[in-house]
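Numbering (the working numbering), first residue to last: 21 to 148.
Each residue gets a CB set at the ideal place from its N, CA and C atoms; glycine is no exception.
As the structure is a prediction and not an experimental result, all values here were calculated from the model.
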């Protein structure tokens with residue numbers, strides 16, 4: 021599924037898998053050995069939740085991007101491979117995006133940037 025992040029440095033395009041079911045969300049990117057620079061996985065939450073992620077059985081570092089219901093990025097956490105320390109959202113979020121570790125910094129993606137994904141996404145950025 022296509023996903024776009026609009027930041028001060030431009031528009032960044034990703035192709036993401038959607039972790040929709042509880043089993044898919046529990047597994048996430050566990051056991052993945054590599055991730056392309058413009059690939060990732062998104063975890064939608066309806067209703068929004070104040071959740072935490074960790075890296076159990078996750079073999080590669082990831083950027084964990086917590087996304088509010090209005091499509092803005094609330095927080096970006098840099099997660100180390102196999103680290104089981106919880107990384108909290110810090111507020112209710114409607115989705116979490118996982119991309120290759122360090123990629124958000126490479127692209128200049130920051131909190132407040134806008135995320136848009138899916139034709140019927142509840143994460144469409146507010147216009148205005």
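**Asked** What residue does the beta strand (DSSP E) around residue 98 start on, and which one ends it?
**Response** 93-99
**Prompt:** Using DSSP with H/G/I as helix, E/B as strand and the rest coil, what is residue 111?
**Reply:** coil
**Prompt:** Taking the alpha helix (DSSP H) that residue 159 falls in, what are its first and last residues?
**Reply:** Nothing can be reported for residue 159, as the shown portion of the chain is limited to 21 through 148.
**Item:** Counted within 10 angstroms of its Cβ, other Cβ atoms place residue 24 as buried (16 or more) or exposed
**Value:** exposed
**Prompt:** Could you check where the beta strand (DSSP E) with residue 23 kicks off and where it finishes?
**Reply:** 22-27
**Item:** residue 51 classed as buried or exposed, judged by whether at least 16 other C-beta atoms fall within 10 angstroms
**Value:** exposed
**Asked** Mapping DSSP to helix, strand and coil, what is residue 118?
**Response** strand
**Request:** Would you check if the segment 39-56 and the segment 129-139 touch, i.e. whether three or more CB-CB distances between them fall below 8 Å?
**Result:** no
**Request:** Answer yes if the segment 88-108 comes into contact with the segment 36-47, meaning at least three C-beta pairs across the two stretches below 8 Å, and no otherwise.
**Result:** no
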